[in-house]
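Quick note: the sequence shown, position 70, residue 69 per numbering that gives the first Met the number 0, numbers continuous.
For reference, the structure discussed in these notes is given below.
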Amino acid sequence: MAATTVTTEDLWDVVEATTEPPKPEDDEAEFKAWRKKDAKALILIQNYCGSANYSLIWGTETAKAAWDTLAKKLNPAQGT
Numbered sequence: 000m001a002a003t004t005v006t007t008e009d010l011w012d013v014v015e016a017t018t019e020p021p022k023p024e025d026d027e028a029e030f031k032a033w034r035k036k037d038a039k040a041l042i043l044i045q046n047y048c049g050s051a052n053y054s055l056i057w058g059t060e061t062a063k064a065a066w067d068t069l070a071k072k073l074n075p076a077q078g079t
């Protein structure tokens, strides 16, 4: 369900992270927009992962890191 919500909110690109995120020194406005999208995606993932799994991603700094951590822990065959 988290993947669907992240996708419908047009945030999947920050979770998938097929490209490097923008750097603040290159384009501050683009970096701020990316950071805002990433924070929204991270909050959605945190909210949907449930309290039992929240401890797995507590402290992750990006949506991609949280998603990858959950994938590795909850579905090891696909998380590699």
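All residues carry an ideal CB built from backbone N, CA and C; glycine is no exception.
Euclidean distance between Cα positions of ILE44 and TRP33: If you number the sequence shown from 1, residue 44 lands on position 45. If you number the sequence shown from 1, residue 33 lands on position 34. Rounded to whole angstroms, ILE44 to TRP33 spans 16 angstroms at the Cα level.
The ligand FMN heavy atom lying under 6 angstroms from the CB of GLY49: Absent from the structure shown: the ligand FMN. Ligands present: none.
Contacting residues, own chain, Cβ-Cβ under 7 angstroms from TRP66 (five flanking each side not counted): What you label residue 66 is simply residue 67 of the sequence shown in a count that begins at 1. So the list reads VAL14 and ILE44, once near-sequence residues are dropped.
Whole-Å CB distance - ILE56 paired with LEU73, under 8 angstroms assumed: Taking the sequence shown and counting its residues from 1, one reaches residue 56 at position 57. Taking the sequence shown and counting its residues from 1, one reaches residue 73 at position 74. That belief does not hold up - the Cβ atoms of ILE56 and LEU73 are roughly 11 angstroms apart, past 8 angstroms.
Proximity below 7 angstroms, CB of ALA1 to CB of LYS63: As a first step, residue 1 must be located in the sequence shown, where it is residue number 2. As a first step, residue 63 must be located in the sequence shown, where it is residue number 64. No; because the gap between Cβ atoms is not below 7 angstroms, this pair is not in contact.
Three-state secondary structure (DSSP) of ALA62: Taking the sequence shown and counting its residues from 1, the one referred to as residue 62 is at position 63. Here ALA62 sits in helix by DSSP.
Span separating the alpha-carbon of LEU41 from that of THR3: Here the question's residue 41 lines up with position 42 in the sequence shown. Here the question's residue 3 lines up with position 4 in the sequence shown. LEU41 and THR3: Cα-Cα distance of roughly 14 angstroms.
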